[in-house]
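**Student:** Residues in the sequence shown are numbered from 121 upward in steps of one, following the numbering used here.
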Amino acid sequence: NIEYSEEIESYRKYSDGTWASPSIANIKKVNSYYDIYAHTLNMGTFGEHITVAFHSCSLPWGGTITSGSSVTAYLASSVPCGSTCSSQTRTCSNGTLSGSYTKSSCSVGACPCPLPWGGTITSGSSVTAYLASSVPCGSSCSSQTRTCSNGTLSGSYTKSSCSVGACPCSLPWGGTITSGSSVTAYLASSVPCGSTCSSQTRTCSNGTLSGSYTKSSCSVGACTLSVSLISNPLSGNAPLNDVDLTATVDGTQIGTINYTFYCDRSDSGTNITSGWAAKFDGINDNPKTAVDVCDYAPAGTYTAKVIVERGSLITENRRTITVDPPLNSSPTVGSLLVLKGDYCTNPAHYFSWTYSDNDGDKQSQLQIQLDKEGDFVSPEFDSGQVPVGDYTCPNDTCDNENNRVVQVDYNNTYYWRVKVWDSQGADSGWVNGTPFTSGEHRYPSPGFTWSPKKPSVGEDVQFTDESECYTLGGATVACASWQWTFGDATPSDSTDQNPIVQFNSSGSHQVGLRVIDPDGNICPLGVSYFIEVVGVKWKLPGWREILPW
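Structure below.
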């Protein structure tokens, strides 16, 4: 196609490979064909078909169209969803293109899709949607890809985002708190008087609770104070010395302690008085022992006491200490002695001993046994356990409590033993005396008569001996000698068996007789003798008759 008025320069190549000089021709017609183009060449005439046309038009989007041709042009290459493409037919007229639209094509844009949570997405775009905006701790978010296709949004989930809920936290005392919440926890549910509750803020972070305190509340305890008291020893025998007192303080009161110890104070007061045995102020020792602080000499019951001061509080306690009598040692018996009696009535022997007791206890009871065999299986005499005061001495020779008289058989060997008890009940055990042999027979038994029964002063009085003397087996024998005492008489004494005596004065007279047997045994006066009172007659005075005056 050749535009109108164009000049055409034509070349021709020869067969020998050379080129002919160009020929130039003006195209004078348009829209017609030259069937033959004649141009004279040195080699002859050459002809060809050449189409001659009007001027073409350039298209806005590139390319051309020939004159007389038309194209559809568009205002915009695309329009939004719901709009219509605005088009124009643009015609080329000899190089001039009608109209003004510049777009070779126009497409109607796909419709966007509104999102459930607001906003839109273009067709072909996708978003992730969620079934729920949040799910509980431990769950997973359920998601869905929703794609826009020309105004239609696929899927059904309606939430733009989803969060997994933070886990709550379990509280040490029960119950829970949500993540992000806080509680105040305490180290202890209670603290002593004078202390402060230690607290901690514990925050829940997705199931993890900060801190470590485990108590939901804390109270400050009331101040209390008490004390116990013990003694070491608690009891014993007198003298009870070097007794320790130990006080143990209890209660919620805090601070240093004052201890005041008393050995014997029975009241319940808490006033500090004089006479304390030990005092310790401002110390922390608990328990506290006052060592060797109390001595108790006499037996009895004592009340040890402690007063304790701590902070603003004061209290006391007491302890009874029992002091028993001294430990009782057994009495001892020594110097055992047996003495033969006078045998004037019965064969008596006197038993004596010395009693001693380291504790100073008096003798309270005694027991004497005599046995011929020495084994004391069946003793011939057993006093039994008798109080000292219940054993009666048969005569004045045994006025000592350790001097006892026992009747025995004649002419026998005896073994004897004694046991004594003190006032505390301790006994000496059996202590053996030296065996002894009783006498062969009874001592003489003096006796006499006199005549006349009522003699006068100076009158002869005949005393007749009626005494009896004895030998082995109890048979009587003649006595060996006699000892008379008459008092105010002539003679005043005599060794005759049957003396004659004159009394020198009137009244009562005491006459005594002691008799000695062939073995030389005698019953002394005041023990074995007869006492006879003799009345003395006075002679009548002479008289003579006289005349009355």
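Glycine is no exception: its CB is placed at the ideal position from the N, C-alpha and C atoms.
This one's a predicted model, so the numbers in the text were calculated from it and none came from an experiment.
(1) Please report the straight-line C-alpha distance between P232 and Y306, rounded to a whole angstrom.
(2) Of the residues S351, T321 and S315, which one's Cα is nearest the Cα of V340?
(3) What are the uninterrupted segments assigned as beta strand (DSSP E) that are 3 or more residues long and contained completely in the segment 444–530, given in chain order?
(4) Is L592 helix, strand or coil by DSSP?
(5) Could you tell me which whole beta strand (DSSP E) segments of length 3 or greater appear in the segment 299–353?
(6) Kindly give me the distance between the Cβ atoms of A600 and P638, rounded to whole angstroms, as I take these residues to be in contact under 8 Å.
(7) Going by the DSSP bridge assignment, what does Q582 pair with across the sheet?
(8) How far does the beta strand (DSSP E) with Y277 in it reach, from first residue to last?
(9) Could you please give me the residues that DSSP links to W541 through a beta bridge?
(10) In angstroms with no decimal places, state the Cα-to-Cα distance between E429 and S309.
(11) If you follow the beta strand (DSSP E) that S213 is in, where does it begin and where does it stop?
(12) How is the beta strand (DSSP E) around Q264 delimited, first residue to last?
(13) Could you tell me the distance, in whole angstroms, from the CA atom of E521 to the CA atom of V453?
(14) On the DSSP bridge list, what partners appear for S243?
(15) When you compare each of K573, T390 and P619 to L433 by their alpha carbons, which one comes out closest?
(16) Helix or strand or just coil, what does DSSP make of G632?
(17) Can you check which of these residues, Y563, T393 and K482, is closest to T380 by C-alpha distance?
(18) If you draw a straight line from the alpha carbon of L365 to that of A397, how long is it in whole angstroms?
(19) For a test of the three-state rule: what should DSSP assign to P256, helix, strand or coil?
(20) Keeping to the same chain, check which residues put their C-beta closer than 8 Å to that of C201; ignore five residues upstream and five downstream.
(21) When you compare the CB positions of S536 and G553, do they come within less than 9 Å of one another, or not?
(22) Leaving out the 5 sequence neighbours to the left and right, which residues in its chain are closer than 7 Å to V191 when beta-carbon positions are compared?
(23) Tell me the DSSP secondary structure of V363 in three-state form.
(24) Exposed or buried, S626, counting other C-beta atoms within 10 Å across all chains shown (16 or more means buried)?
(25) With respect to the beta strand (DSSP E) encompassing G389, which residues constitute its N-terminal and C-terminal limits?
(26) Would you report the Cα separation of K279 and C205, rounded to the nearest angstrom?
(27) Opposite P185 in the DSSP bridges: which residues?
(28) I need the straight-line Cα distance from T344 to D401, nearest angstrom please.
(29) Can you tell me where the beta strand (DSSP E) with Q603 in it begins and where it stops?
(30) Quick one: measure Cβ to Cβ for S484 and V508, integer angstroms, because I've assumed they're closer than 8 Å.
(31) Roughly how many angstroms lie between the CA atoms of G349 and T368, to the nearest whole one?
(32) Is the beta carbon of Y194 closer than 9 Å to that of K223?
(33) Less than 8 Å between the CB of T328 and some heavy atom of the ligand PLP, yes or no?
(34) Classify W550 as buried or exposed, calling it buried when 16 or more other Cβ atoms lie within 10 Å of its own Cβ.
(35) Excluding five sequence neighbours on each side, which residues of the same chain lie with their C-beta closer than 6 Å to the C-beta of D136?
(36) Is the segment 453–467 in contact with the segment 419–427, if contact means three or more CB pairs nearer than 8 Å?
**Tutor:** According to the structure data:
(1) Numbered from 1 along the sequence shown, position 112 holds the residue referred to as residue 232. Numbered from 1 along the sequence shown, position 186 holds the residue referred to as residue 306. Cα to Cα, the separation comes out at about 60 Å.
(2) In the sequence shown, the residue the question calls residue 340 occupies position 220. Measuring C-alpha to C-alpha distances from V340 to each of S351, T321 and S315 identifies S315 as the nearest.
(3) Along the segment 444–530, the beta strand (DSSP E) occurs as fully enclosed runs of 3 or more residues at 452–460, 468–476, 483–491 and 523–527, listed in sequence order.
(4) Your numbering for residue 592 matches position 472 in the sequence shown. L592: helix per DSSP, three-state reduction.
(5) With a minimum length of 3 residues, the continuous beta strand (DSSP E) runs that stay inside the segment 299–353 are 302–306, 319–325 and 346–352.
(6) Along the sequence shown, read from residue 1 onward, the residue named residue 600 stands at position 480. Along the sequence shown, read from residue 1 onward, the residue named residue 638 stands at position 518. Yes, they are in contact, since the Cβ atoms of A600 and P638 sit about 5 Å apart, within 8 Å.
(7) Stepping through the sequence shown from its first residue, residue 582 is reached at position 462. Its beta-bridge partners are S571 and I620.
(8) Taking the sequence shown and counting its residues from 1, the one referred to as residue 277 is at position 157. Segment: none, Y277 is in no beta strand (DSSP E) and carries neither H nor E.
(9) The residue you call residue 541 lines up with position 421 of the sequence shown. Answer is Q485 and D547, bridged to W541.
(10) Counting from 1 along the sequence shown, the entry for residue 429 is found at position 309. Counting from 1 along the sequence shown, the entry for residue 309 is found at position 189. Computed Cα separation, rounded: 28 Å.
(11) Working through the sequence shown from its first residue, we reach residue 213 at position 93. Counting along the chain, the beta strand (DSSP E) containing S213 begins and ends at S207 to S213.
(12) Your numbering for residue 264 matches position 144 in the sequence shown. For Q264, the enclosing beta strand (DSSP E) stretches over residues S263 to S269.
(13) Locating residue 521 in the sequence shown gives position 401, where the first residue counts as 1. Locating residue 453 in the sequence shown gives position 333, where the first residue counts as 1. Only weak support exists for where E521 lies, its pLDDT of 46 falling under 50; the value from the coordinates is given anyway. Distance between the alpha carbons of E521 and V453: 13 Å.
(14) Along the sequence shown, read from residue 1 onward, the residue named residue 243 stands at position 123. In the DSSP assignment, no residue is bridged to S243.
(15) Mapped onto the sequence shown, residue 433 falls at position 313. Cα-wise, what sits closest to L433 is T390.
(16) Position 512 of the sequence shown holds residue 632. It is a strand residue.
(17) As a first step, residue 380 is located in the sequence shown; it is residue number 260 there, counting from the start. Among Y563, T393 and K482, the Cα nearest to that of T380 belongs to T393.
(18) For this step, residue 365 is matched to residue 245 along the sequence shown. For this step, residue 397 is matched to residue 277 along the sequence shown. Those two C-alpha atoms are separated by around 10 Å.
(19) If you number the sequence shown from 1, residue 256 lands on position 136. DSSP places P256 outside both helix and strand once states are collapsed to three, so it counts as coil.
(20) Looking up residue 201 in the sequence shown gives position 81. So the qualifying residues of the chain are V228, G229, A230, C231, P232, S243, N270 and G271.
(21) In the sequence shown, the residue the question calls residue 536 occupies position 416. In the sequence shown, the residue the question calls residue 553 occupies position 433. Reading off the sequence shown, one finds Trp at residue 536, where the question assumed Ser. Closer than 9 Å, so yes.
(22) Counting from one through the sequence shown, the residue named residue 191 turns up at place 71. So the list reads L179, I185 and R210, once near-sequence residues are dropped.
(23) Along the sequence shown, read from residue 1 onward, the residue named residue 363 stands at position 243. Reduced to three states, the DSSP call for V363 is strand.
(24) In the sequence shown, counting from the first residue as 1, residue 626 sits at position 506. Label assigned to S626: exposed.
(25) For the purposes of this step, residue 389 is taken as the residue at position 269 of the sequence shown. In the DSSP assignment, G389 falls outside any beta strand (DSSP E) and carries neither an H nor an E.
(26) Start at 1 with the first residue of the sequence shown, and residue 279 comes out as number 159. Start at 1 with the first residue of the sequence shown, and residue 205 comes out as number 85. Across the structure, K279 and C205 are spaced so that their CA atoms are roughly 36 Å apart.
(27) Taking the sequence shown and counting its residues from 1, one reaches residue 185 at position 65. Looking at the sequence itself, residue 185 is Ile, so the reference to Pro does not match. Beta-bridge pairing links I185 to C177.
(28) Counted from its first residue, the sequence shown places residue 344 at position 224. Counted from its first residue, the sequence shown places residue 401 at position 281. One alpha carbon belongs to T344, the other to D401, and they sit about 19 Å apart.
(29) Start at 1 with the first residue of the sequence shown, and residue 603 comes out as number 483. It spans S601 to T605 - the beta strand (DSSP E) in which Q603 sits, taken as one unbroken run.
(30) Working through the sequence shown from its first residue, we reach residue 484 at position 364. Working through the sequence shown from its first residue, we reach residue 508 at position 388. A Cβ-Cβ distance of about 6 Å is found for the pair S484 and V508, placing them in contact under the 8 Å criterion.
(31) Residue 349 sits at position 229 when you count from the first residue of the sequence shown. Residue 368 sits at position 248 when you count from the first residue of the sequence shown. One point to set straight first is that residue 349 is Leu, not Gly, in the sequence displayed. L349 and T368 have their C-alpha atoms spaced approximately 7 Å apart.
(32) On the sequence shown, position 103 is the one that residue 223 refers to. On the sequence shown, position 74 is the one that residue 194 refers to. Contact flag set, yes.
(33) The ligand PLP is not part of the structure shown, which contains no ligands of any sort.
(34) By 1-based counting over the sequence shown, the position of residue 550 is 430. Classification of W550: exposed, given that the 10 Å Cβ count is below 16.
(35) By 1-based counting over the sequence shown, the position of residue 136 is 16. When the five nearest sequence neighbours on each side are left out, no beta carbon in the same chain lies closer than 6 Å to the beta carbon of D136.
(36) With the cut-off at 8 Å, the segment 453–467 and the segment 419–427 do not touch.
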